[in-house]
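Peer 1: Take a look at the following structure, please.
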Amino acid sequence: MDPSPSRVLDWYMTGFLLTRQILEARSACDEPPRALWPSAHGDVGGCWLRPTFKKALILIIDALRYDFTIPYSPSIQAAEEKPYHNALTVLHTLASERPRNALLLPFLADPPTTTLQRLKALTTGTLPTFIEAGSNFAGSALTEDNLLDQLLSQRRLVHLGDDTWLKLYPDHFLPHLSHPFPSFVVEDLHTVDTGVTTHLLPLLRNDTLRCEWDVIIGHFLGVDHVGHRFGAAHPLMRNKLQQMDAVVREVVTALDDADEETLLVVMGDHGMDENGNHGGETLEEVLAAVWLYSPRTFVGRRVSGGGDHHHHNGEEGAAVPQVDIVSTLALLLGVPIPFNNLGRPIEEVFAFGSGGCDEQEEKIDWERLVRANALAAAQMERFHAEYTRLYGSHRGGVEVRIERFVQGDIDFGDEGSLQRAYRGLREYQAEMLRGYRRVWAQFNVLNMVEGMVILLLCVVAMVCALVDGSCFGGPGIKPKATMAGSVVGVLAAAAHFVYADPAYHVVESLILGATIASLTGLIAGANYNAVRRYWQPGFNIGKLQAMLFPLALAAGFASNSYTIWEDEILLFFLSSFGICTLASATHPTSSVVFLLLTRLASYSRLCREEQLPSCRTTFYRLENYVPWRILAPFLTVFVILSANRHLRDRFKHTWNTPYIAALFLHIPFWTLQTASEQGWLSNIITDYTSKNICIVIARIVLLASIFGLGSVLLPSHHYDKPHILTTAILLVCVLVSPPTSGVLLACLYTQLLLLPRTTSHRVGPTIAALLGSFYFFTTGHNATFASIQWKAAYTGFRDVVYPWSPLLVGVNTFAGPILAACAVPFFFTPVGASPSRESTAARAQMILAHGTAYTLWAAATAIWACLLRRHLMLFAIFCPRFLLAGTVMVIVDVIGLVNSFVM
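According to the UniProt record's numbering, the residues represented by the sequence shown are 1 to 903, in order.
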């Protein structure tokens, strides 16, 4: 099996998923942005701008969605009241009752909405790139200029809560006052929040401790964890939001009793959807809340009326981009704006002036507004100049000149001049942000085209090898084929050398030329008579299905609607296959069972945002139905053992005993998990003990699976190695999947066993590929980051453990394709005799057929993503589907190599 499809993905992605270029330059207090307007600078009594506050308390409530903070009114809002409504009321109440002291705004995050990327944006003021979402598990120290680096030069910093901050800023916080807590223990709803509260309040109330810090960052995780475990509308969410409400009220009281020199900021780093997930770009995931408060009056009225307006559950307001918080806090605290910042100051906090209580009578401080925005705009202009100098205007692609928006010097004695300057500065900053959003979505079309060509050559080469094992002309390659491959490879290398980036074109040209030369030589040396003979015996319905279904699916990925409804398309293909086999099968009962299981599995689904309102999520409804969670593990074991009934007599191996024992351990594992979540055992054992028991059970199952995999890798002549490999992987897949997914994987396993009775060995591998993709969707997944089930990372562990936690999440996500790929050589070859050369060749062909389908889909999604790279839904639909296809292709390739080794 040619591994080049997996290798070539990296080539394509270097052109498709460009990463943001990071500038190492830093802002300095004694080097403000160049004086575009001489009169805007002078003795400001501080660093760049006179500070408004000496201290700051920044509280981040992870996944604080905006509608969690605003009142719910049944008379206004059509949606039914949820547990999270009217639970966290203090933010809106104080913003309404004390509008000069408090400000509540929608807080718009740039996707991907994973915590690590959000923290980077909240401290650097720059934009994340699409590919950065994959780094949510492993953060490293931030090297680019950021708000905390600037604060550290003048302030003493304290950190409480989520330890992700320490990964990004390992040496910034006072160790004797800081208290980090593990961030990925989703099962724990209270430890982090209780720890933050316990250590925070003394720092505010104790006069001695209050003198030892200048900035406190507290990061609560309970709201996010409740969402991940139970969903947004669970009663525990109300309890957690009420807890946050009480904490904020205590903090406000402490600040009111202390002094007027402290700014309190409460904000969410992202939101969550109704299932508690985040990572994507739906409104519920990107719209968080930000709230600023101080005992002193500092909030003015909105001037421009600009911003991104969003109507969310009855409340409409101008959403503030999250990057705006960086320049806002920097100027309020009197430190330089970080060099890479693309945000503009929040205007309400700089517009406050003298006047009466009536908002219309309030005088706007135009001078302060203009000074703050002039500094932010000038720093943005300096960043743009440096970025263009280093990466060239052809890479920068942002042609925005500040002189076009603000002409000449600013007359600070003329209010009309100030207003015109302010509008120009705001427009310039908004245009610069839009421009760099476009820049970091640019593509290297040359690499993308070369990657597509190689992927297509891989598909053709695999098809040639598939139709006849000798189609490459025996052990060697014909001289003419070698010559043809060499010529094409040299031409490709020469073309790349001419058009590629000079910094890398030599090495890349050699790699590209060698790859294309080898693939072209293999295709040119194919025995095309053998290819034609493949179709001569008869073009039956099975061969038509094996060819038509993968091609139709590949072609359909060009349509966003087709891609969105892929689960329904797969259901149609599998149902069509079952109906066709029902008429011709020697075992019609098997075809009927296959059809029934396909239909039953289709009732479990997780709807994408784009499918609403024509779709209804049932997967999490089942997961939240307690009787089903208790029944599901029993049903899983029963279905698997029923499917295995006829195999136990055919496979006499010591693996059967630990396999069955480990299979039954899934029942106490999930029963105990459910009982612990429902509080049924609170009077018998503690949650800690319950978790320990589950960890022990999970590790026993994992050890049993490792024993099975180890017996496969040992040298022996057992012809049942594929059976052992498949069932060992099945144990792990069921363990790391929720109870509903366990039942569905048991159905998949049964259908894979039924396939040999319903179709030929030439068609079966392709149908298995469709089944693997179909069960990817039915087990609660989609081609979106938000559907990743992070809880799997803690199966057998209390905290994130590398590399096991990411591996377990991967197994949970791709359990369907993994199980189907493992089962291919076992379920489509004769069993009961020692392996022969013919049976080994047949297995190899089936592995290749299975892999060819996934390679075709990866090539198709790559082509459509390239051609539709300016499509509005590229990063919402086409890019995630390409990443999914590429990842599954690599996984299937690896499993195919393992299967080839154990045959």
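Here a beta-carbon is modelled for each residue, glycine too, at the ideal position from N, C-alpha and C.
1. What does Asp259 pair with, by DSSP beta-bridge criteria?
2. Please confirm whether Asn86 and Pro106 have their CB atoms less than 9 Å apart.
3. Taking the DSSP output, what are the residues bridged to Arg65?
4. Identify every residue that forms a DSSP beta bridge with Phe220.
5. CA-CA distance, His496 and Arg881?
6. Which residue from Leu548, Leu142, Ala484, Arg798 puts its Cα closest to that of Ala526?
7. Mind checking who Pro321 pairs with in its DSSP beta bridge?
8. Pop quiz: Pro509 and Ala524 are said to be a contact at Cβ under 8 Å. What is the actual Cβ separation, rounded to whole angstroms?
9. When the Cα atoms are used, what is the spatial distance from Ala372 to Val286?
10. Based on Cα-Cα distance, which residue from Arg249, Leu570, Thr69, Phe638 lies nearest to Ile767?
11. So is Ala704 buried or exposed if we call it buried at 16+ other beta carbons inside 10 Å?
12. Quick one: Cα of Leu168 to Cα of Thr123, how far?
13. Quick check on Glu284: buried or exposed, where buried means 16 or more other Cβ atoms within 10 Å of its Cβ?
14. Which residue from Leu151, Tyr428, Arg301, Arg155 puts its Cα closest to that of Ser96?
15. Taking the C-alpha atoms as reference points, what is the distance between Arg368 and Leu418?
16. For the stretch 181-193 against the stretch 217-232, are there 3 or more C-beta pairs whose distance is under 8 Å?
17. Indicate whether Leu735 and Leu752 have their beta-carbon atoms separated by less than 9 Å.
18. Check each candidate in Phe173, Trp628, Pro817 and name the one with the smallest Cα separation from Pro765.
19. Would DSSP call Cys351 helix, strand or coil?
20. Does the distance from the CB of Asn101 to the CB of Ser327 come in under 9 Å?
21. Using 8 Å as the Cβ pair cut-off and three pairs as the minimum, do the stretch 371-387 and the stretch 140-151 touch?
22. Apart from the five residues on each side of it in sequence, which residues of its chain come closer than 8 Å, Cβ to Cβ, to Ala254?
23. I think Ser642 touches Thr758, with their Cβ atoms under 8 Å apart; what is that distance to the nearest whole Å?
24. Let me confirm a value: Cys879 is counted as buried when at least 16 other C-beta atoms fall within 10 Å, else exposed. Which label applies?
25. Do His219 and Asp162 have their beta-carbon atoms positioned less than 9 Å apart in this structure?
26. According to DSSP, is Lys55 part of a helix, a strand, or is it coil?
27. For the alpha helix (DSSP H) that contains Pro658, what are its first and last residues?
28. Who are the Cβ neighbours of His199 in its own chain at under 6 Å, not counting the five residues just before and after it?
29. Excluding the 5 residues preceding and the 5 following Gln789 in the sequence, name in chain order all residues of the same chain whose CB lies nearer than 6 Å to its CB.
30. Whether or not the stretch 631-639 and the stretch 607-616 are in contact is what I'm after, with contact meaning three or more pairs of Cβ atoms, one per stretch, closer than 8 Å; do they touch?
31. Roughly how many angstroms lie between the CA atoms of Gly314 and Leu884, to the nearest whole one?
32. Ends of the beta strand (DSSP E) at Asp162?
33. Looking at Leu157: is its Cβ nearer than 9 Å to the Cβ of Leu166?
34. Does the pairing of the stretch 445-464 with the stretch 849-868 give three or more beta-carbon distances under 8 Å?
35. Can you tell me where the beta strand (DSSP E) holding Phe181 begins and where it ends?
36. Counting C-beta neighbours from all protein chains within 10 Å, is the total for Asn277 16 or more, i.e. buried, or is it exposed?
Peer 2: Taking the definition as stated:
1. DSSP output for Asp259 lists no bridge partner at all.
2. Judged by beta-carbon spacing, Pro106 lies beyond the 9 Å limit of Asn86, meaning their Cβ atoms are not closer than that value.
3. Per DSSP, Ala288.
4. Per DSSP, Ile61.
5. Approximately 28 Å, taken between the alpha carbons.
6. Nearest option by C-alpha distance: Ala484.
7. Paired residue(s): Leu108.
8. It is worth fixing the name first, because residue 509 is Ser in this sequence and not Pro. Contact between Ser509 and Ala524 does not hold, since their C-beta atoms are separated by about 21 Å, which reaches or exceeds 8 Å.
9. Separation of Ala372 and Val286 (C-alpha to C-alpha, rounded to the nearest whole angstrom) is 27 Å.
10. If we check each option's Cα against that of Ile767, Leu570 comes out closest.
11. Buried: at least 16 other Cβ atoms inside 10 Å.
12. C-alpha of Leu168 to C-alpha of Thr123: approximately 10 Å in a straight line.
13. Answer is buried; the Cβ neighbour count reaches 16.
14. It is Arg301 whose Cα lies nearest to the Cα of Ser96.
15. Using only the alpha carbons, I get a separation of about 10 Å.
16. Flag = yes, the stretch 181-193 and the stretch 217-232 touch.
17. At the C-beta level, Leu735 and Leu752 stay beyond 9 Å of one another.
18. Residue Pro817 is the option with its Cα nearest to Pro765.
19. Residue identity differs from the one stated: residue 351 is Ala in this sequence, not Cys. It is coil, neither helix nor strand.
20. No.
21. With contact defined as three or more Cβ pairs closer than 8 Å, the stretch 371-387 and the stretch 140-151 are not in contact.
22. Result list for Ala254: Leu201, Leu204, Arg205, in chain order.
23. In this structure, Ser642 and Thr758 do not form a Cβ contact; the two beta carbons are roughly 18 Å apart against a cut-off of 8 Å.
24. Under the 10 Å beta carbon count, Cys879 is surrounded by 16 or more other beta carbons and is classified as buried.
25. Yes, the pair counts as a contact, with Cβ atoms nearer than the cut-off.
26. The three-state secondary structure of Lys55, taken from DSSP, is strand.
27. 656-678 is the span of the alpha helix (DSSP H), which, as asked, contains Pro658.
28. If we look at His199 and ignore the five residues flanking it on each side, its Cβ neighbours are Leu160, His179.
29. Contacts found: Asn812.
30. The stretch 607-616, when compared against the stretch 631-639, does not touch it at the 8 Å Cβ threshold.
31. Note on Gly314: pLDDT 37, under 50, position unreliable in the model; no value is reported.
32. Run containing Asp162: 157-162, per the beta strand (DSSP E) assignment.
33. Judged by beta-carbon spacing, Leu166 lies beyond the 9 Å limit of Leu157, meaning their Cβ atoms are not closer than that value.
34. Contact between the stretch 445-464 and the stretch 849-868 is established, with three or more Cβ pairs separated by less than 8 Å.
35. It spans 179-181 - the beta strand (DSSP E) in which Phe181 sits, taken as one unbroken run.
36. Buried: at least 16 other Cβ atoms inside 10 Å.
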